[in-house]
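Quick note, our numbering runs 146 ahead of the 1-based positions in the sequence shown.
Let me begin by presenting the structure, written as structure tokens, before commenting on it.
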Amino acid sequence: MRFPFHYSTLLLPLVMACSTPDQPSLPPGASADAASIVDAEALRQQALAFFHPLPEVVEHPAGPDTPEKVALGYKLFLDPQLSEDGTISCNSCHKLDHYGVDNSPTSIGVRGQHGGRNSPTVFNAALHNMQFWDGRATDVEQQAGMPMLNPVEMAIPSEAFIVKRLKTVPDYPTLFKVAFPADKDPLNFANICEAIGAFERTLLTPSRFDDFLKGNTTALTPAETAGLSTFLEVGCTNCHTGTAVGGTMLQKFGVHQDFRQWTGSAASDEGRKQVSGAEADRDLFKVPALRNVTKTAPYFHDGRVAQLDSAIRIMATVQLGKELTDPQLNDLKTFLEVLTGAPPKTAATSGPSL
Ligand code: HEC
Ligand code: HEC
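This is the structure in structure tokens:
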């Protein structure tokens with residue numbers, strides 16, 4: 147889902163105008179009276195201009211993925227044989243039992259090497275319009291091949307190398323045949339990426355926010371609806387919008403102030419400029435999705451900020467030129483907590499049956 151910047155900007159005054167007088171002021175847990183149910187419905191309508199409930203699965207443009215493809219992708223995701231020295235799997239940096247992250251500022255790849263960026267969660271990532279902090283991959287299938295070949299991450303020397311290796315590993319030749327029945331030579335690099343992508347398309351984390359968006363206006367407490375209202379009113383939705391509450395666009399980090407003053411980030415990571423070479427792309431980063439953000443510390447592209455409170459305050463100052471009051475900060479945190487969903491069924495430790 148794509149919400150162009152100008153569209154959300156235009157909507158903002160409208161949102162502010164109609165949400166402020168109606169803000170629920172009941173304490174958390176207070177029973178909802180008729181008036182606040184009406185208010186919650188009005189707020190739900192405003193929210194639907196920016197967000198959508200999670201689907202069951204993010205469908206592949208070419209058609210639905212089969213359970214066999216998803217199960218193969220799950221096995222590959224957990225398999226350290228996808229790294230040169232057999233020590234690192236996708237799960238090393240995107241731990242399925244830790245909301246798809248490693249909770250480190252930057253991750254450790256083969257031979258103890260550190261990359262320069264924080265590992266974003268793989269949960270709900272298939273919904274994003276682009277992958278990576280600088281958007282350099284289009285979808286989860288294209289993205290999946292990149293860490294395998296990255297010398298700091300999994301350091302596989304070539305596509306042919308990993309294909310040759312997996313052909314000698316028991317089960318894989320059969321599993322690829324079952325997952326890609328139409329292919330003559332199904333165990334190839336593109337299909338490794340396709341299977342991993344198919345698995346990632348199932349990693350969705352529905353929460354009470356989805357119940358609310360679908361029409362159950364009592365799914366959120368009054369404190370949580372107040373949080374959502376503040377998120378809309380302050381203008382976080384200028385950028386964090388769409389089904390994943392982000393992941394739809396690149397934006398400059400540091401609209402009103404130099405973010406490095408606040409985060410202590412190195413000047414060397416210039417975001418999108420490193421991909422395009424264009425000066426206009428300096429410090430453009432993908433607006434990250436905020437689903438499960440309470441579980442995915444530390445924050446920002448280089449993991450320099452450990453506390454969510456600080457990340458929220460930095461956002462308001464640096465991106466919106468606003469100083470948050472303490473109640474506003476609390477509201478925003480309360481809303482972000484609602485975005486913590488149930489871990490996906492397909493990521494259970496036992497995994498889908500093969
Ligand atoms: C050594 C740690 C490491 C390993 C191993 C690793 N990743 Fe990542 N992953 C990262 C980091 C760091 C980033 C962000 C890099 C960037 O934006 O430049 C990332 C980005 C991603 C993203 C983009 C998410 C987003 O919100 O943009 C996806 C999806 C992903 N990885 C999936 C995988 C898969 C699938 C594998 C296995 C084939 C894998 N990763 C292996 C660390 C790792
Ligand atoms: C002008 C666009 C813009 C606005 C407005 C904005 N953000 Fe962000 N947000 C971003 C970008 C871009 C990043 C990624 C910065 C980076 O690390 O490079 C980000 C990162 C974040 C992060 C860190 C997430 C993570 O996984 O590391 C949080 C939390 C966050 N924003 C919350 C908010 C809140 C709350 C508001 C409203 C007060 C807000 N943002 C307003 C663009 C914006």
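Glycine included, every Cβ here is placed at the ideal spot set by N, Cα and C.
In terms of CA proximity to residue 474, 372 leads the group 391, 435, 395 and 372.
In the pairwise beta carbon analysis, the region 405 to 418 is classified as not touching the region 367 to 386: fewer than three pairs are separated by under 8 angstroms. With 16 or more other CB atoms across the displayed protein chains lying within 10 angstroms of its CB, residue 379 is buried. Membership of residue 396 in the beta strand (DSSP E) is indicated by the continuous run 396 to 398. Pairing residue 393 with residue 270, the inter-Cα distance amounts to about 9 angstroms. Under DSSP, residue 458 forms no beta bridge with any residue. Residue 465 counts as buried, since at least 16 other C-beta atoms from the protein chains shown sit within 10 angstroms of its C-beta. Taking 8 angstroms as the cut-off, one finds at least one heavy atom of ligand 2 near enough to the beta carbon of residue 434. Taken through DSSP and simplified to helix, strand or coil, residue 318 comes out as helix. Counting along the chain, residue 313 sits inside the alpha helix (DSSP H) bounded by residues 305 to 313.
Put simply, the backbone Cα of residue 276 is about 11 angstroms away from that of residue 287.
Excluding five sequence positions before and after residue 360, the CB atoms of its chain that fall closer than 6 angstroms to its own CB belong to 199, given in chain order. Beta bridge pairing from DSSP links residue 254 with 260. Within the same chain, and ignoring the five residues on either side of residue 214 in sequence, the residues whose Cβ sits closer than 7 angstroms to its Cβ are 324 and 325. Here residue 315 is exposed. Its C-beta has fewer than 16 other C-beta atoms within 10 Å. Per DSSP, reduced to three states, the secondary structure at residue 345 is helical. The shortest CA-to-CA distance from residue 415 to any of 238, 285, 381 and 280 is the one to 280. When DSSP reads this structure, residue 451 sits in a beta bridge with 445.
Note: residue 430 is bridge-paired with 398 and 417 in the DSSP secondary-structure output.
Taken from the Cβ of residue 315, every heavy atom of ligand 2 lies 8 angstroms or farther away.
If you check the CB distance, residue 206 and residue 344 come in under 9 angstroms. The nearest non-hydrogen atom of ligand 1 is 8 angstroms or more from the C-beta of residue 376.
Contact between residue 487 and residue 351 holds, since their C-beta atoms are separated by about 3 angstroms, short of 8 angstroms. Residue 305 sits close to residue 335, with the two beta carbons spaced by under 9 angstroms.
A direct Cα-Cα distance of roughly 39 angstroms separates residue 327 from residue 258.
Buried is the label assigned to residue 441, since at least 16 other Cβ atoms lie within 10 Å of its Cβ. Apart from sequence neighbours up to five positions away, the residues of its chain that approach residue 356 with a beta-carbon distance below 6 angstroms are 199 and 200, ordered along the chain. In this chain, the alpha helix (DSSP H) harbouring residue 373 covers 368 to 380. Burial of residue 389 is indicated by the presence of at least 16 other C-beta atoms within 10 angstroms of its C-beta. Here the distance from the Cβ of residue 461 to the nearest heavy atom of ligand 2 is below 8 angstroms. For residue 292, the enclosing alpha helix (DSSP H) covers residues 286 to 295.
If you compare the alpha carbons of 472, 454, 463 and 446 with that of residue 483, the shortest gap goes to 454. Between residue 391 and residue 436 the beta-carbon gap is near 4 angstroms, inside 8 angstroms, which marks them as a contact.
The C-beta separation of residue 432 from residue 470 comes to about 23 angstroms, leaving the pair out of contact by the 8 angstroms criterion. Residue burial annotation: residue 191 is exposed, with fewer than 16 other C-beta atoms found within 10 angstroms of its C-beta. Counting along the chain, residue 217 sits inside the alpha helix (DSSP H) bounded by residues 213 to 224.
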